[in-house]
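Undergrad: Residue numbers (my numbering), protein chains in the order written: chain A, 21 to 320; chain B, 21 to 320; chain C, 21 to 320; chain D, 21 to 320. Ideal Cβ placement from N, Cα and C applies to all residues, glycine included.
There are 4 protein chains.
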Amino acid sequence: MNSTIRTDLALEAEALWRESQSAQRSPAGVQASRAQRGSFSVTTVEILDERGEAALGKPRGTYITIELDALIRREENAFPEACRLLSDELRALLALPPEAACLVVGLGNRAITPDAIGPDAVDCVMVTRHLTQCLPEDFGAFRPVSAVCSGVLGTTGIESSALVRAVSAAVRPAAVVAIDALASRSPEHLCRTVQIADTGIVPGSGVGNAREALNRDTLGIPVIAIGVPTVVDAATLTLDLASRSGAAPDPASFGDAGGMIVTPREIDKNVRDVAKLIGYSLNLALHDGLTVEDVDMFLS
Amino acid sequence: MNSTIRTDLALEAEALWRESQSAQRSPAGVQASRAQRGSFSVTTVEILDERGEAALGKPRGTYITIELDALIRREENAFPEACRLLSDELRALLALPPEAACLVVGLGNRAITPDAIGPDAVDCVMVTRHLTQCLPEDFGAFRPVSAVCSGVLGTTGIESSALVRAVSAAVRPAAVVAIDALASRSPEHLCRTVQIADTGIVPGSGVGNAREALNRDTLGIPVIAIGVPTVVDAATLTLDLASRSGAAPDPASFGDAGGMIVTPREIDKNVRDVAKLIGYSLNLALHDGLTVEDVDMFLS
Amino acid sequence: MNSTIRTDLALEAEALWRESQSAQRSPAGVQASRAQRGSFSVTTVEILDERGEAALGKPRGTYITIELDALIRREENAFPEACRLLSDELRALLALPPEAACLVVGLGNRAITPDAIGPDAVDCVMVTRHLTQCLPEDFGAFRPVSAVCSGVLGTTGIESSALVRAVSAAVRPAAVVAIDALASRSPEHLCRTVQIADTGIVPGSGVGNAREALNRDTLGIPVIAIGVPTVVDAATLTLDLASRSGAAPDPASFGDAGGMIVTPREIDKNVRDVAKLIGYSLNLALHDGLTVEDVDMFLS
Amino acid sequence: MNSTIRTDLALEAEALWRESQSAQRSPAGVQASRAQRGSFSVTTVEILDERGEAALGKPRGTYITIELDALIRREENAFPEACRLLSDELRALLALPPEAACLVVGLGNRAITPDAIGPDAVDCVMVTRHLTQCLPEDFGAFRPVSAVCSGVLGTTGIESSALVRAVSAAVRPAAVVAIDALASRSPEHLCRTVQIADTGIVPGSGVGNAREALNRDTLGIPVIAIGVPTVVDAATLTLDLASRSGAAPDPASFGDAGGMIVTPREIDKNVRDVAKLIGYSLNLALHDGLTVEDVDMFLS
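(1) Would you identify the three-state DSSP class for A:Met-146, choosing helix, strand or coil?
(2) What residues are listed by DSSP as bridge partners for B:Asp-200?
(3) How big is the Cα-Cα spacing for A:Pro-79 and B:Leu-36?
(4) Suppose you measure from the CA of A:Gly-299 to the CA of A:Asp-158; what does that come to, to the nearest Å?
(5) Counting C-beta neighbours from all protein chains within 10 Å, is the total for B:Gln-215 16 or more, i.e. buried, or is it exposed?
(6) Distance cutoff 8 Å, beta carbons only. Does D:Thr-219 sit that close to anything in chain C?
(7) Thinking C-alpha only, which one of D:Ser-166, D:Pro-284, D:Pro-207, D:Glu-232 is nearest D:Ala-194?
(8) Since A:Val-291 contacts A:Cys-169 with CB under 8 Å, what's their CB separation in whole angstroms?
(9) Do C:Pro-242 and C:Asp-260 come within 8 Å of each other at the CB atom, strictly closer than that value?
(10) If the cut is a Cβ gap below 7 Å, which residues of chain A does D:His-150 touch?
(11) Given a cut-off of 8 Å, decide if A:Arg-285 and B:Met-280 are closer than it, judged by their beta-carbon atoms.
(12) What does A:Ser-320 reach in chain D if we use C-beta pairs closer than 9 Å?
(13) Out of C:Leu-306, C:Ala-201, C:Pro-117, C:Glu-96, point me to the one whose CA is closest to C:Pro-223's CA.
(14) Which chain A residues sit within Cβ distance under 9 Å of B:Gly-247?
(15) Do you know whose CA, among A:Glu-208, A:Pro-164, A:Pro-139, lies nearest A:Leu-116's CA?
(16) Taking D:Asp-89 as the reference, give the member of D:Gly-58, D:His-307, D:Thr-256 with the closest Cα.
(17) With distances taken Cα to Cα, identify the nearest neighbour of A:Ala-121 among A:Thr-82, A:Ala-295, A:Ala-189.
(18) Just the chain D side, please: which residues come within less than 7 Å of C:Arg-94 by C-beta, in chain order?
(19) On a CA-only basis, which of C:Ala-245, C:Leu-304, C:Ala-295, C:Val-196 is nearest C:Asp-28? Give me that one, please.
(20) Is the shortest distance between the beta-carbon of D:Ser-273 and the beta-carbons of chain A less than 8 Å?
(21) Are B:Leu-113 and B:Val-184 touching if we call contact CB-CB under 8 Å?
(22) If I measure Cβ to Cβ from D:Val-251 and keep anything under 6 Å in the same chain, skipping five residues before and after, which residues do I get?
(23) Residue range of the beta strand (DSSP E) that B:Glu-87 falls in?
(24) If we define contact as Cβ-Cβ less than 8 Å, is B:Gly-240 a contact residue for chain A?
(25) Below 7 Å on C-beta distance, what does A:Ala-120 contact in chain B?
(26) Whose C-beta lies closer than 6 Å to the C-beta of C:Arg-111 among residues of the same chain, with five residues either side of it excluded?
(27) List, in chain order, every chain C residue whose beta-carbon is nearer than 8 Å to that of B:Ala-190.
(28) How far does the beta strand (DSSP E) with A:Glu-66 in it reach, from first residue to last?
(29) Against C:Ala-141, what residues of chain B qualify as contacts under a CB-to-CB distance less than 7 Å, listed in chain order?
(30) Whole angstroms is fine: what's the gap from A:Asn-129's alpha carbon to B:Ala-74's?
(31) Measure the alpha-carbon distance for B:Lys-296 versus D:Gln-44 and round it to whole angstroms.
(32) Our contact map puts A:Thr-213 next to A:Glu-87 with C-beta atoms below 8 Å; I'd like the distance itself, whole angstroms only.
(33) List, in chain order, every chain C residue whose beta-carbon is nearer than 9 Å to that of B:Ala-167.
(34) Could you give the first and the last residue of the continuous beta strand (DSSP E) run that contains A:Ala-167?
(35) In chain D, what lies closer than 8 Å to C:Thr-82 by C-beta?
(36) Taking all protein chains shown into account, do 16 or more other C-beta atoms lie within 10 angstroms of the C-beta of D:Gly-275, making it buried, or fewer, making it exposed?
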């Protein structure tokens, strides 16, 4: 039954597997650990081999999830602290040599609020590729960063993956960072959790239209994925509630929910806030010695 | 238990009462009827006295609900047909003498998509009050119509009702039409149902922040309410599913859902579309002899 | 000839009078002075009596103009420095007792970029009236501030002045602050000059549609105006260039320019930036002991 | 002197050459003709050889300019009539075989109103490439059309031309249509003139940042350009007025105007309107047997 519960979070997939098996430990081929870093908790799920892939339904690699509850509670200094934490994790996962170029891709549809995380985050990315080329004396200390929003098939007629492949071939970055909205199982994770992974990403999976993957196989370079769950499928919610309460779920009782999502009431603001966190953290991860104030100044 | 299921739709409140009583008929003090008009079904619930008020938890008056499924299925000519139907119902409920002035009020918060129905509808309302005053030779055939968006307490510091009272006192219309987002019990009604009522409205009830009413008692003139459900409380959904499946709902299982809503995946587009329908229908109801094309031309 | 050159800036009107009279000194009934405050220059024009009113074509009162060139050049710390300077000037002009309530009004049309200064500034105003009422224990130190955007006649059918009168009567503030776009004579002043005045304001004068005034006569309380020139009439530019170059202006040569304006190429960004400065400065002027960071936190 | 007057309109360049030479006729290597088509006037300038290229400062090819005054005066049926006229001219210039694929490119910056013509027009283009691939039974009658907005160097770090080359290589269309804002000499042409040309386009020339060309040489396929003048350089206006009035222009008198533009007061609305005209006309030109109503339905 749980197999129909949709989640893009490795941390939820691991918990679901344990629930379904009434197990205390991770499945074979998976290692999971949790740590507290300042005000935030960080969970790392490593899928090590095909046993782990089969159990969690995700490709092997490292998935790091940061829970942003302190940010949501608006604790003092939570924004810069979250930026530093996320940028540290991103920097470690990217492992880029100095001066290696990076292409940032915002996936998803800017016109649909829960799907706008990628384009909104790209608005906060410091684009420097042209400056390092034209003004090397002023911008030589910056990494060359370019950024595009791939749009969605319905607005371009072109698969996101084909577009990114084409742009990547033209720009020849050392790595791609792809940002997208995700779907989660639990409402508690919506807009307050960021997952980063070195596995690449399947554009649009968060909104139910899975497409060709963006990963090292399809692009030939590392693809770091940054994702934020913004919706729970209403169907998933129904199944999940039924399974938690022990009732037999009545599939007919929610037959019309196919087009429905569960989302925070303040989704517009929440998406904007977490997109800003991602953009700023990426800037700190990609360029040395920057502060949040420097980013403010550059983007203004 | 049903008393905690939230709905602003009289048609759902009536059905809930019957479910809770295992009754076939409406409660005493309530008359309900349903009719098919072309491609659309129209339900009328009349609350006649305090017995009806107590049973349905709403003030006495006439509530007319139009279900727009043909529009959603994008049947040919569904938009002009829905405009005509809705404008006929509005015209009957308004019962305004020729030349009597009307003030249209968009309630809700334009920055929160599911709450933007009122402001978006006002963008489609033909504002004519100043034209009938300054250019009577050209616009003498139009009714004087003014329009305001009241904003929300958090952005103005002023209660919507106080603001509307103040504007109404300045403009002295014969009637107020207030447009707002609602909450419903059933996902199937979201963005595809319009309720109009001669009872006035409590601003913000759809988004869970009920305020002082706008009605004949508070404004001294008739207040026609136009509402569209755009969200289901996640808590309501949980209770409703539990009650339908016969399981005891576990209040703890969804404790964090307080800030969560169920909404259509395409809420941005759906809100825009139904707001346009409301604006256009209101124009046809308020001015004689207009066509949808005339409204297009006026607003462009 | 100069009388057809349009400007809403008292500092330009004073300079025009001197040019037209080939005079070194201000006209009788006018005192003008200029001072440097840190990186910014501040000009004060006082119109003392009807001779001054006739010479400059503006009502008597104090007009203070701050030139923001350092901000435009993006000098370090220019934003907080400009905020402090502007808030000091506003605080002196407002001269409000502690706890006296204030109503902030954004004039102009949000949908027309050069006319959006008022609404955009209101988005950066801390609205506190409802908080001081409902949560006095948390917000007792704040002044009660409410805020509205009056819209424009074409979108509401109601004169801005009538709307503000109505709201003011309902809210009963001790003073009104009205923010609007202005027209200037010189392109160099566009979006880099803020004029504040204790004379009230005529809504829409900046965009060529003058309306009934908002001032102590019409509202019964002090009205502080904050204005920013965002456009030069193309006709004004033509006349001005002709007069500066000594050529006889050919009225026919620019007959079609009636609907044309001169504006900065980056008007969208410039309007947003100066609107933010106004909102933040107003917050610092209205509430004691706030910092720019406090405002960031409140508004986020 | 006229050589410093900037215009992207071939029709203005031809007139400027005649003025500068006090000539009645077009320069050698140029043919110009004007015709009335219903309510609109259509001017064709053909640059035939290098003499014409040198005289007008533009590459050889056919430039067709449609003046939309009837549309601006909002004459009845002006919109569908202008669509038909523009789509006829586009269809002749494109000369595409049935089923040949087309890539539409919106150049320019959506965040700067006078530069948003391209992105806004793309919003009105029917994107069909994915539908003809996935649903050939339903969409077999449509031409495969894809569409992208290239962004600008400052937001992507990538030259528009490089981006379009990359996408074009991936999608392999038979032709590219590129839409951009232009600069004109005369305020009378702003937002009321559409120029189409078979010469390709230099992105950003309208906003003063000329880039590498998009044309048959750089893309290997025909590039049809659609441009609309939205600004006059303030410096151009100054020079032009001086030259018309016979005065010696004083370069110092307008030294600060470098960042200034002349634009219609209602630029936001005008850009939206003419972008819609371009998108709709392109749809009628690219697909057989469509009406304006069909496009409305497809895009809604």
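TA: Let's see:
(1) Of the three classes helix, strand and coil, the one that applies to A:Met-146 here is coil, per DSSP.
(2) According to DSSP, which records beta bridges pairwise, B:Asp-200 is partnered with B:Gly-247.
(3) For the pair A:Pro-79 and B:Leu-36, the Cα-to-Cα distance works out to about 47 Å.
(4) 22 Å
(5) buried
(6) no
(7) D:Ser-166
(8) The pair is not a contact, with the Cβ atoms about 15 Å apart (cut-off 8 Å).
(9) no
(10) Leu-173, Gly-177
(11) The Cβ atoms of B:Met-280 and A:Arg-285 lie closer than 8 Å to each other.
(12) Within 9 Å Cβ-Cβ: nothing; A:Ser-320 doesn't reach chain D, min ~13 Å.
(13) C:Ala-201
(14) Those within 9 Å of B:Gly-247 in chain A number zero; the least Cβ separation is about 18 Å.
(15) If we check each option's Cα against that of A:Leu-116, A:Pro-164 comes out closest.
(16) D:Gly-58
(17) Cα-wise, what sits closest to A:Ala-121 is A:Ala-189.
(18) Per Cβ cutoff of 7 Å: no residues; C:Arg-94 is ~14 Å from chain D at best.
(19) C:Ala-245
(20) Residue confidence is low: D:Ser-273 scores 46 on pLDDT, short of 50, so the model does not pin down where it sits. Its coordinate-derived value is still stated next. Chain A contact via Cβ: absent.
(21) no
(22) Pro-134, Ala-203, Ile-281, Thr-283
(23) 81-87
(24) no
(25) Here the premise fails: no neighbours, minimum Cβ distance about 38 Å.
(26) Ala-305
(27) Ile-178, Ala-182, Leu-183, Arg-185, Ala-186
(28) 60-67
(29) None at all; the shortest Cβ gap to chain B is about 13 Å.
(30) 46 Å
(31) Looking at the two C-alpha atoms, the distance is approximately 54 Å.
(32) 5 Å
(33) Neighbours of B:Ala-167 on chain C, chain order: Gly-171, Thr-175, Thr-176, Gly-177, Ile-178.
(34) 165-171
(35) Those within 8 Å of C:Thr-82 in chain D number zero; the least Cβ separation is about 28 Å.
(36) Caution is warranted here: a pLDDT of 43 is assigned to D:Gly-275, below 50, making its placement in the model unreliable, and the coordinate value is therefore given only provisionally. With fewer than 16 other Cβ atoms within 10 Å, it is exposed.
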